[in-house]
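Residue numbers (my numbering): 165 to 423.
Even glycine gets a Cβ: it sits at the ideal position worked out from N, Cα and C.
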C-alpha cells in the first residue's frame, strides 16, 4: 500500500489505523503535517477572501462623506456618541465604533464589512471575524484624509502580510495538533486493557493517524457551517483512537505444556 492509499484509508479503515502503530515516527510526523495543512485550507481561503474584500470595502467607504476621525497612538479618536454605520457601499458596511459598543452577534447580523474599533480594526464576513491591530499595519498615527494613501500602501504588501499570517496560523495549529496527539496517546493507554503489548509509542502513532478524519472534517465544516463546539472534535478523535485500539487482538495467554 502506497502512502496516498494509506492516507486515504486512515479516514475510516480500523485495520489501517491499528497497523499504523508499526509505522516509522517520521512518516507519522509528515502525516500530521499533511492533515493540518488540509484542515487549514478553508480557514486560510476564508481569511484571504475576508481581507481582500474588506480592503476594497474600506477604500470605497473612504470616498464617502464620513464623520471626522483619526488614529492617534494606535487608538481611534472620533467624536461619536454611538457607532456610525455606512450602508452605501456596493457590498458590506463600514463602521466606526470608537467605544466598542457593537457585539460579535450584532456584527454577524450586518453580513460583511469593516469596523474600526478603539484599538483594532475588525474584518467580518458572515460570522467569521479577524482582528488587525492598527500598529501592525502602520496606521498608529493617521488622519482620515491620510488614510486613503496609507490603505494603498497596505494593499501593496497585503499578499505578504496574508502569507505571514497563514504561516503563523499553520504553525500554531501544528503545535496544538502535536500536543493533542501526545495527550490522546496517554489517554489511549488507559483503555488498552489486556493489550499489554501496546506501549505509549504505539498509541502515539495510532493517534497521529486516527485524528485524520475528525480534524479535517471539523475544520471544513466549522468554516463552511460554523457553530460546532470544540468538544465535538475531542470526542470524535477519542472515538477514532478507541476504534483503532479495540480492533487490535488481545494476545493469547501462553499455556505451559504438561509433562
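Straight-line spacing of the CA atoms in residue 234 and residue 246 works out to 16 Å. The beta carbon of residue 250 is closer than 8 Å to those of 225, 228, 230, 257, 258 and 259 in its chain, skipping five residues each way along the sequence.
Between residue 382 and residue 405, the C-beta gap is not smaller than 8 Å, which leaves the two residues out of contact. Non-local beta-carbon contacts of residue 358 in its own chain, meaning distances under 6 Å to residues more than five positions away in sequence, involve 414 in chain order.
Looking at the DSSP output, residue 285 sits in a beta bridge with 280 and 296. Inside the region 316 to 359, DSSP marks whole alpha helix (DSSP H) runs of 4 or more residues at positions 322 to 353, from first to last along the chain.
Apart from the 5 residues on each side of it in sequence, residue 244 sits with its Cβ closer than 7 Å to the Cβ of 231, 260 and 262 in its chain, given in chain order. In this structure, the CA atom of residue 180 is about 18 Å from the CA atom of residue 379. For the set 211, 171 and 169, the Cα lying nearest the Cα of residue 387 is the one of 211. According to the DSSP secondary-structure assignment, residue 236 is paired through a beta bridge with 239. Look at residue 181 here: in three-state DSSP terms it is helix. The beta carbons of residue 351 and residue 372 sit no closer together than 8 Å.
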